[in-house]
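Trainee: Residue numbers (our numbering): 11 to 889.
Glycine is no exception: its CB is placed at the ideal position from the N, C-alpha and C atoms.
Below is one structure. I have some questions about it.
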Amino acid sequence: MDKSFDPHAVEPRWLERWEQLGAGIADAHSDKPSFVMALPPPNITGALHMGHAVMGSVQDILARNRRMRGFEVEWAPGTDHAAIATQNVIERQLAVEGSSKEELGRAGFQLRVDQWYAEYGGRILRQMRALGFSLDWSRTRFTLDPQYVRAIRTAFKALYDEGLIYRGPRIVNWCPRCRSAISDEEIDWQEHTDAMVQLRYPVEEGGDIVIATVRPETMLADTGVAVHPDDPRYRDLVGKHVILPLTGRRIPIVADAGVERDFGTGALKVTPGHDPLDFDIAQRHGLPIITAIALDGTMDVPELPQFHGLTVMRARTAVLQALRDAGVVVKEEEYVHEVGHCDRCGEVLEPLISEQWWVTMRPLAEPGIAANEQGRVRFHPRRFNDVYLRWMRNIRDWCISRQIWLGHAIPVSTCGNGHRFAWIEEPASCPECGSTELQHDPDVLDTWFSSALWPFAIFGWPEQSDDLRRFYPGDVLVTAREIIFLWVARMIMTGLRFQGAEPFHDVIINSTILAADGSRMSKSKGNTIDPVEMIERYGADAVRAWAGAVGTSGQDMRFDEDRISSYQRFANKLWNVTRFLVTRLGDGDDSDRIADPGEVRPEDLAPEDRWMLSRLAETVAACDSAIEQYRFHDAMERLYDTIWHSFCDRYVEMSKARLRDDADPTSRRAAAWTAITSLDVLLRLLHPFMPFITEESAQRLPGAAPSLQLREWPTTPQWWQDETTQAARAAVDEVQDLVQALRAARQEAGVPAASRDRQPLLVDSDGALGHAEVGRLVESLAPFTVVDSEPAGMTAVRVVAGGAHATLYVGAAGADDTGRLRKQLDDTGTRIQRLQAQLGNAGFTDRAPHDVVEQARTRLSEALAERARLQQLLGEDAA
RNA sequence: GGGCGGAUAGCUCAGUCGGUCAGAGCGUCUCGCUUACACCGAGAAAGUCGGGGGUUCGAGUCCCUCUCCGCCCACCA
Numbered sequence: 011m012d013k014s015f016d017p018h019a020v021e022p023r024w025l026e027r028w029e030q031l032g033a034g035i036a037d038a039h040s041d042k043p044s045f046v047m048a049l050p051p052p053n054i055t056g057a058l059h060m061g062h063a064v065m066g067s068v069q070d071i072l073a074r075n076r077r078m079r080g081f082e083v084e085w086a087p088g089t090d091h092a093a094i095a096t097q098n099v100i101e102r103q104l105a106v107e108g109s110s111k112e113e114l115g116r117a118g119f120q121l122r123v124d125q126w127y128a129e130y131g132g133r134i135l136r137q138m139r140a141l142g143f144s145l146d147w148s149r150t151r152f153t154l155d156p157q158y159v160r161a162i163r164t165a166f167k168a169l170y171d172e173g174l175i176y177r178g179p180r181i182v183n184w185c186p187r188c189r190s191a192i193s194d195e196e197i198d199w200q201e202h203t204d205a206m207v208q209l210r211y212p213v214e215e216g217g218d219i220v221i222a223t224v225r226p227e228t229m230l231a232d233t234g235v236a237v238h239p240d241d242p243r244y245r246d247l248v249g250k251h252v253i254l255p256l257t258g259r260r261i262p263i264v265a266d267a268g269v270e271r272d273f274g275t276g277a278l279k280v281t282p283g284h285d286p287l288d289f290d291i292a293q294r295h296g297l298p299i300i301t302a303i304a305l306d307g308t309m310d311v312p313e314l315p316q317f318h319g320l321t322v323m324r325a326r327t328a329v330l331q332a333l334r335d336a337g338v339v340v341k342e343e344e345y346v347h348e349v350g351h352c353d354r355c356g357e358v359l360e361p362l363i364s365e366q367w368w369v370t371m372r373p374l375a376e377p378g379i380a381a382n383e384q385g386r387v388r389f390h391p392r393r394f395n396d397v398y399l400r401w402m403r404n405i406r407d408w409c410i411s412r413q414i415w416l417g418h419a420i421p422v423s424t425c426g427n428g429h430r431f432a433w434i435e436e437p438a439s440c441p442e443c444g445s446t447e448l449q450h451d452p453d454v455l456d457t458w459f460s461s462a463l464w465p466f467a468i469f470g471w472p473e474q475s476d477d478l479r480r481f482y483p484g485d486v487l488v489t490a491r492e493i494i495f496l497w498v499a500r501m502i503m504t505g506l507r508f509q510g511a512e513p514f515h516d517v518i519i520n521s522t523i524l525a526a527d528g529s530r531m532s533k534s535k536g537n538t539i540d541p542v543e544m545i546e547r548y549g550a551d552a553v554r555a556w557a558g559a560v561g562t563s564g565q566d567m568r569f570d571e572d573r574i575s576s577y578q579r580f581a582n583k584l585w586n587v588t589r590f591l592v593t594r595l596g597d598g599d600d601s602d603r604i605a606d607p608g609e610v611r612p613e614d615l616a617p618e619d620r621w622m623l624s625r626l627a628e629t630v631a632a633c634d635s636a637i638e639q640y641r642f643h644d645a646m647e648r649l650y651d652t653i654w655h656s657f658c659d660r661y662v663e664m665s666k667a668r669l670r671d672d673a674d675p676t677s678r679r680a681a682a683w684t685a686i687t688s689l690d691v692l693l694r695l696l697h698p699f700m701p702f703i704t705e706e707s708a709q710r711l712p713g714a715a716p717s718l719q720l721r722e723w724p725t726t727p728q729w730w731q732d733e734t735t736q737a738a739r740a741a742v743d744e745v746q747d748l749v750q751a752l753r754a755a756r757q758e759a760g761v762p763a764a765s766r767d768r769q770p771l772l773v774d775s776d777g778a779l780g781h782a783e784v785g786r787l788v789e790s791l792a793p794f795t796v797v798d799s800e801p802a803g804m805t806a807v808r809v810v811a812g813g814a815h816a817t818l819y820v821g822a823a824g825a826d827d828t829g830r831l832r833k834q835l836d837d838t839g840t841r842i843q844r845l846q847a848q849l850g851n852a853g854f855t856d857r858a859p860h861d862v863v864e865q866a867r868t869r870l871s872e873a874l875a876e877r878a879r880l881q882q883l884l885g886e887d888a889a
């Protein structure tokens, strides 16, 4: 075995082995209980980022844990076509090449898209494989697969026929760059500082009214002025008309409760064609809608040639100047507000009127709300339940049409006689009148419409396949906070609508990884971290262990590379303790493998063996509880601590002498059995977190299985926690406390902390183990030689640690231990005082729980014993 | 404007029912290349738990309030 763990030599071997074993492939016909998760399909817009690594690692912890616990685990991978995002990426690429999608044409563009998906889709899947994710690669899906397309059309047609999908002119968030509508959830709000201007509109019947706006250019499309009905300032003006400057249009003043009296001047110009609130007001008052901005984001006002064709920003300046010239500008001031941007391309959105397809959400949301309220779908951390419910309760209709090239065509046609119908297989003629003159709807669907069907579409729906029957509903979803509305909520709604059951019962929101300076990671800032780079640097196990340790708090987490490297060292530690056991216990034939020590009788076990078994039992219980609560960081920390500090630093150190060739055979076999058993249990517990190193180590154990994934999850026999074991556990803990105190005292006495000179040591207390045993264990952990009598010519340094005390002897340096003992006595005294005060308080003894009071009593008696011992030693000095 | 989250050692973070909860890793300092591991070991220093009030026998933990960060939602133009 190599002296240090080399992840890059080991990882490919295991990836191949798992593949050969088909470890991740689920059997739809097995009689095991199933456990199902769908991996959130990454967008094929580039490479993986740290978020994918965290999300996937968290899921793989569960997948491997459940597999070892006897579940038929289906963890389904796939990728998403991400229409707008991908189209933007490719268009940008074309622009760099001096080309464009228009130049390529539809077919040429599609070719380009297919190439892109083939190249990057494959790359993303390979990256996830490199992370060791035990996904079911045999069921890899893509949202553009023919079967998947069928699912989308089936869902669309069902909702359409039910009347839940409709088409209509509404004000939408329009992205002039993507040339498409987007949904409310795809808006990226950013703070802008603009000028708020007040304009004086003359009232036809005399006087005027001053309105406030940050978008003066839209006044060209004003069709009214609105004030609050209860506003005394304007009550007399309601019903009158203003003459709109620049255009000369005569528009009414209306009263609408949607107007905020306290904002601006309390009077609002109504531009229904370019503002959502104004659109609503216009609807309520029957005001006409005028469009002044075209789909490309330029002014569309042919009757005003001085503005026609200008971009919105230029028009803003030009119109404002014209208004100034006309003398209607009353005031201009800076104003900070939120402006919507396209979250795919960053362009400022333009609210405008267009014909779009919509889904009526309310009837779909109701069952989704109930599912959460009744605890059938729960979010972790808990607070996300409220986030989900608030959105669901205020849900609005969903704009699902997009005016782009890439994506799923809306499966609707209109015939020459005006009949419109949805279809699953595109028909040759109109089902109503037989007309063959069919017009295919030009729009495509919002990508999230297809994603919303993921949990059942991947299993073959609408076919009633074996997979669908077996793997729906699933169990757990692990995903990022930012897509709770875009994706999670919609999956719940479609699952309930089309399958009659929620797609999962637990939703784990994983942490968001921020850059080291606390800012968001983003490609534009160039501060993203590629997980593959981290794997190259530290190994996949280290990246995954880190992900497990930080992934489930659901909170923001600053990226900390040092923390990843600490898990690389941990892997190396584990590797080396395995290597140690192999060299000590290797079988003769094959020096790379540990020999089977055979059965061991419990009565042959030494106290430290039982101490270790007791720790193991605790660790298994702690891991189980942590994993069941999705507190993976607890499990990871616990394993790190038990493996490094209990097993390596303590147990193996205490057992080294017994593991030598020349040790007593019975004792040696007991130590070997305990060490091997411990390592075996710990490797199995750790496997979901660090699959590669654990597999590689486990291969060295006697009777190793081809993969840990085929092993059972560890359980512990009752006797690992019985009375004898508990007693041994306490006694050995006490020895360790004594050792620590001895080392500190020795250093204080002037012996370098790391000196290997073995000082003589007189063990004064017997403890539960007896003199000889305590002496043996102390010698195993620290550089002391236990003696029977006080050696001559050396200075005694007395040490008291809880229930134990000993005297060590250092060179005649004249070290004085009374100062230290006095200080210890003082500390014990204050501890006693505090405990006595607490126990003397009736409020405490009466109201605190019994075990807490008992604990305090125990601590007090321990402290009293320690004080007595200290006083005794110091009293001898005085005498 | 409403809501949520965070503020704990120099740094990154744990801390569940209020009762050994003042913790880990990294970093720093001392000392040691002890044949598993220097990707290591032994030890040490280091925190008014953001500020202020309150509840309680007892508060990092519960309540109120303030400050500073971050996020989500929202039709104040």
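Any idea what DSSP makes of Phe431, helix, strand or coil?
Mentor: strand
Trainee: So, Leu720 versus Leu771, is the Cβ gap smaller than 9 angstroms?
Mentor: no
Trainee: Could you pull the DSSP bridge partners for Ala191 from this structure?
Mentor: Paired residues: Trp184.
Trainee: Under 8 angstroms by Cβ, that's how I've got Ser2 and Pro793 pegged, so tell me the actual separation to the nearest angstrom.
Mentor: Because the chain in this structure spans residues 11 to 889, residue 2 falls outside the shown range and cannot be described.
Trainee: Tell me the rounded alpha-carbon separation between Glu647 and Met544.
Mentor: 21 angstroms
Trainee: Just to confirm the assignment: which complete alpha helix (DSSP H) runs, minimum length 4, are found wholly within the region 270-342?
Mentor: 286-295 and 322-335
Trainee: Can you grab the Cα-Cα spacing for the pair Ala751 / Val807, in whole Å?
Mentor: About 11 angstroms.
Trainee: Span of the beta strand (DSSP E) holding His202?
Mentor: Ile197 to Pro212
Trainee: In the DSSP output, what is Trp367 paired with across the bridge?
Mentor: Arg177
Trainee: Buried or exposed: which applies to Pro312, given that a residue is buried once 16 or more other Cβ atoms fall within 10 Å of its Cβ?
Mentor: exposed
Trainee: Taking the CB atoms as reference points, tell me whether Arg430 and Val422 lie closer together than 9 angstroms.
Mentor: In this structure, Val422 lies closer than 9 angstroms to Arg430 by Cβ.
Trainee: Taking Pro286 as the reference, which of Gly258, Val220, Pro179 and Phe569 has the closest Cα?
Mentor: Pro179
Trainee: Should Tyr577 be labelled buried (16 or more other beta-carbon atoms within 10 Å of its own) or exposed?
Mentor: Answer is buried; the Cβ neighbour count reaches 16.
Trainee: Considering just the uninterrupted stretch of the beta strand (DSSP E) at Val797, what are its terminal residues?
Mentor: Per DSSP, Val797 belongs to no beta strand (DSSP E) and is neither H nor E.
Trainee: If you follow the beta strand (DSSP E) that Gln449 is part of, which residue opens it and which one closes it?
Mentor: Looking at the DSSP string, the run of the beta strand (DSSP E) that includes Gln449 is Leu448 to His450.
Trainee: Here's the rule: buried if 16 or more other CB atoms are within 10 angstroms of the residue's CB, otherwise exposed. What is Thr593?
Mentor: exposed
Trainee: Quick check on the burial criterion: 16 or more other C-beta atoms within 10 angstroms. Buried or exposed for Lys111?
Mentor: buried
Trainee: Exposed or buried, which one is Asn183 when buried takes at least 16 other CB atoms within 10 Å?
Mentor: With 16 or more other Cβ atoms from the protein chains shown falling within 10 Å of its own Cβ, Asn183 counts as buried.
Trainee: Report the three-state DSSP secondary structure of Thr805 (helix, strand or coil).
Mentor: Three-state result, Thr805: strand.
Trainee: Helix or strand or just coil, what does DSSP make of Gln728?
Mentor: helix
Trainee: What are the start and end residues of each continuous beta strand (DSSP E) run of 3 or more residues lying completely inside the region 29-55, in chain order?
Mentor: 44-48
Trainee: How many Å lie between Ile414 and Ile94 at the Cα?
Mentor: 7 angstroms
Trainee: Is the beta carbon of Glu492 closer than 9 angstroms to that of Ala526?
Mentor: no
Trainee: Tell me, which residues are paired with Ser790 by DSSP?
Mentor: Paired residues: none, contrary to the question.
Trainee: How about Leu626 and Trp730: are their beta carbons less than 9 angstroms apart?
Mentor: yes
Trainee: Taking the alpha helix (DSSP H) that Gln736 falls in, what are its first and last residues?
Mentor: Glu733 to Glu758
Trainee: Drop a sphere of 10 angstroms on the beta-carbon of Asp246, count the other beta-carbons inside from all chains shown, and report buried for 16 or more, exposed for fewer.
Mentor: exposed
Trainee: Kindly indicate the opening and closing residues of the beta strand (DSSP E) around Met567.
Mentor: Asp566 to Arg568
Trainee: Do the CB positions of Gly234 and Lys167 come within less than 9 angstroms of each other?
Mentor: no
Trainee: With a Cβ-Cβ cutoff of 9 angstroms, do Phe642 and Ile519 count as a contact?
Mentor: no
Trainee: Look up Asp606 in the DSSP assignment and give the residues it is bridged to.
Mentor: For Asp606, which the question treats as bridged, DSSP gives no partner whatsoever.
Trainee: Cα-Cα, which of Pro43, Gly34 and Phe143 is closest to Glu21?
Mentor: Phe143
Trainee: On the CB-based measure, 16 or more other CB atoms within 10 Å of its CB, does Asn75 come out buried or exposed?
Mentor: Answer is buried; the Cβ neighbour count reaches 16.
Trainee: For Phe389, name the three-state secondary structure that DSSP assigns.
Mentor: strand
Trainee: State the DSSP-derived secondary structure class of Asn851, mapped to helix, strand or coil.
Mentor: Three-state result, Asn851: coil.
Trainee: Who are the near neighbours of Ile686 in its chain, counting only those whose CB is closer than 8 angstroms to its CB and skipping five residues on each side?
Mentor: Leu591, Leu595, Ile604, Pro607, Leu711 and Pro712
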